[in-house]
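Trainee: Counting with full-length UniProt numbering, you get residues 1 to 377 for the letters of the sequence shown. For glycine and all other residues, C-beta sits at the position ideal for the given N, C-alpha and C.
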Amino acid sequence: MDDGKSGRIHLLDEQTVNQIAAGEVVERPASAVKELVENALDAGAHHIDVVLREGGKALISVTDDGIGMSPEELGMAVERHATSKLRSAEDLNAIGTLGFRGEALPSIGSVSRLSITSRAKGADEAWALKVDAGAKTGPLPAALSGGTRIEVRDLFYATPARLKFLKADRTEQSNALDIIKRLAMAHPHVAFSLSDGDRVLLRAERALSTGDDAQKARLGDILGRAFTDNAVAVDAVRDDLRLKGFAGLPTYSRGNAQQQYLFVNGRPVKDRLLVGAVRGAYADFLARDRHPVLVLFLELDPHAVDVNVHPAKAEVRFRDQAGAWFDCFRFASCFGGGRASGFHQCQPGGFGGGTSGLFPRNAPCLWGETCLGWRLS
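(1) In whole angstroms, what is the alpha-carbon distance linking Arg267 and Leu155?
(2) Tell me the rounded alpha-carbon separation between His47 and Val131.
(3) Quick one: any contact between the stretch 113-121 and the stretch 131-146, if contact means 3 or more CB pairs under 8 Å?
(4) I'd like to confirm the pairing. Which residues does DSSP put opposite Ile116 in its beta bridges?
(5) I need the straight-line Cα distance from Ala304 to Ser107, nearest angstrom please.
(6) Considering just the uninterrupted stretch of the alpha helix (DSSP H) at Phe227, what are its terminal residues?
(7) Once you ignore the five residues that flank Glu151 on each side, which residues in its own chain have a CB closer than 6 Å to its CB?
(8) One question on the structure: do Tyr157 and Leu166 come within less than 9 Å of each other, judged by their Cβ atoms?
(9) So what does Val264 bridge to, in DSSP terms?
(10) Answer yes if the stretch 225-239 comes into contact with the stretch 65-74, meaning at least three C-beta pairs across the two stretches below 8 Å, and no otherwise.
(11) On the DSSP letters alone, give me the boundaries of the beta strand (DSSP E) that Val51 sits inside.
(12) Nearest to Gly245 by alpha carbon, out of Tyr252, Phe263 and Ser209?
(13) Go to Asp196, then tell me how far its beta strand (DSSP E) extends in each direction, as first and last residue.
(14) Can you give the Cα-Cα distance for Val78 and Arg182, rounded to whole angstroms?
(15) Let me make sure I understand the geometry here. Which of Asp178, Val51 and Ala247 has the alpha-carbon closest to that of His291?
(16) What would DSSP say about Leu59, mapped onto helix, strand or coil?
(17) Check the DSSP bridge columns for Lys136 and list the partner residues they point to.
(18) With DSSP as the reference, identify every bridge partner of Leu243, one or two as the case may be.
Structure below.
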């Protein structure tokens, strides 16, 4: 029976729109943690401290020492599609920041009790703004020495149905910890801490060294010295592509693929094609139920990759996807045979030694003199 409401087109109110957006952007506490920490990184923070209560359901607090915000910027920050990172649609073709849509804070504020306190660099005082299920209060004068502190309380209290889909506190905490680990791996010159109650779950000091030393020290903090002691440094360049990081030896493997960390231009991503390439590289040296541990960073021109393809920005699309991943396949094959076997002899411009069978035994090595197999054999 027609109740007069169904079948008629009408505009949704702003609060409903924000709650729908929150369903895509903020799936669980870890999603909110990711958005807030990425904002802190984009603000140039050198120290980021995260505190959770009840796995993030009761409280998520993120404090940073970034550039901060003026009271005018605070008011804009909780408006949908307000951002400092884009000026026009053309900027979407070369995104160099982790955040860019301007959806996170209004989405979070529509389903929680959100408070933001910030002091812009060089400003005489701090300002605070509160958003309770979409209703704003402030900005008002506040106390903060610098940077920004964001507190999210009672996440999803305004949408109780969403609470039913959250997992146990420990599981939600683990998901948030995984997010922090990934972001910390990609930013060794930023200090991170994560605590839940009185327990420190993660602490990574800001790296003072540079290059591979800084990256290796940070990975040791996050994954443990056992990984860095049983991993090979990866650094291969071809044209505008650079693949670097650390790949674990086949003898240092796991029963699942949860410790395979992949990044594109510093952004944590999940991509089955690259995972398949890596798996193929190790195929001759690992049993089917074993998985390598690795951390790989793919760096390329921002114009060559589209990060605006997933609500949570967890996936990317390459302008020349076949070419980009073909290169990675070549690299993975060289690496797999080169380090895992003692007899691989991949010479500059040539590919010898049996690897995963992805490429012919005598196919030319795409990486030339940077081929890891040649350098390490």
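Mentor: So, from the listed chains and residues:
(1) For Arg267 and Leu155, the distance between alpha carbons rounds to 25 Å.
(2) Roughly 25 Å separates the two Cα atoms.
(3) Touching, yes.
(4) Its beta-bridge partners are Leu129 and Ile150.
(5) Just so you know, the alpha carbons of Ala304 and Ser107 end up roughly 29 Å apart.
(6) Per DSSP, Phe227 is one residue of the alpha helix (DSSP H) stretching across Arg225 to Asp229.
(7) A distance below 6 Å between beta-carbons, with the five flanking residues on each side excluded, links Glu151 to the following residues of its chain, in chain order: Ser61 and Ser115.
(8) No; because the gap between Cβ atoms is not below 9 Å, this pair is not in contact.
(9) Under DSSP, the beta-bridge partners assigned to Val264 are Arg267 and Leu298.
(10) In short, these stretches do not touch, since the Cβ pair count stays below three.
(11) Start and end: His47 to Arg53.
(12) Selected option, being the one with the closest Cα: Phe263.
(13) In the DSSP assignment, Asp196 falls within the unbroken beta strand (DSSP E) covering Ala191 to Asp196.
(14) In this structure, the alpha-carbon of Val78 lies about 26 Å from that of Arg182.
(15) Put simply, of Asp178, Val51 and Ala247 the residue whose alpha carbon is nearest the alpha carbon of His291 is Ala247.
(16) Here Leu59 sits in strand by DSSP.
(17) According to DSSP, which records beta bridges pairwise, Lys136 is partnered with Val131.
(18) Per DSSP, the beta-bridge partners of Leu243 are Ala236 and Leu298.
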